[in-house]
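Below is one structure, written out as structure tokens, with a few remarks after it.
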Amino acid sequence: MSVKILLLLVIYVAIWIADRQKLKNLARREFFAYSAMLLLSLYLGISYAFSLKWMFLEEAAEALIGTPARRIIELLTVPS
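Residue 21 in the numbering used here sits at position 9 of the sequence shown, with consecutive numbering throughout.
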């Protein structure tokens, strides 16, 4: 487990070093999108490092928007 945490720490430090200058020039909307993607990767990284049985992103999306998405698909499907 400690090797996984060390690996994630190295990856996030590398990302921070690479993006440090660019983050200063981002607009608010771009910074929000960047932060959202970073939080999603952090969620997956924590799940990986601690071998947790959390929902994967597809399962979380299915739980949040599965029923409305299926209804839209059914509405748009043309019978053959």
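Glycine included, each C-beta is placed from N, C-alpha and C at the ideal position.
The model shown is predicted, which means the values in this text are computed figures rather than measured ones.
Secondary structure of residue i, DSSP reduced to three states
i	result
residue 79	helix
residue 15	helix
residue 20	helix
residue 25	helix
residue 62	coil
residue 44	helix
residue 67	coil
residue 92	coil
residue 38	coil
Alpha-carbon spacing of residue i relative to residue j, whole angstroms
i	j	result
residue 37	residue 29	15 Å
residue 76	residue 41	23 Å
residue 49	residue 33	18 Å
residue 25	residue 79	39 Å
residue 55	residue 31	20 Å
8 Å contact criterion, which residue i and residue j should meet: CB distance rounded
i	j	result
residue 43	residue 52	Actually they are not in contact, since the Cβ atoms of residue 43 and residue 52 sit about 15 Å apart, beyond 8 Å.
residue 57	residue 88	36 Å between Cβ atoms; not a contact.
Contact with chain B by residue i, beta-carbon distance below 8 Å
i	result
residue 35	No chain B appears in this structure, which consists of one protein chain only.
Are there three or more Cβ pairs, one per stretch, closer than 8 Å when the stretch 51 to 66 is compared with the stretch 16 to 28? The stretch 51 to 66 and the stretch 16 to 28 touch, with no fewer than 3 CB-CB distances between them shorter than 8 Å.
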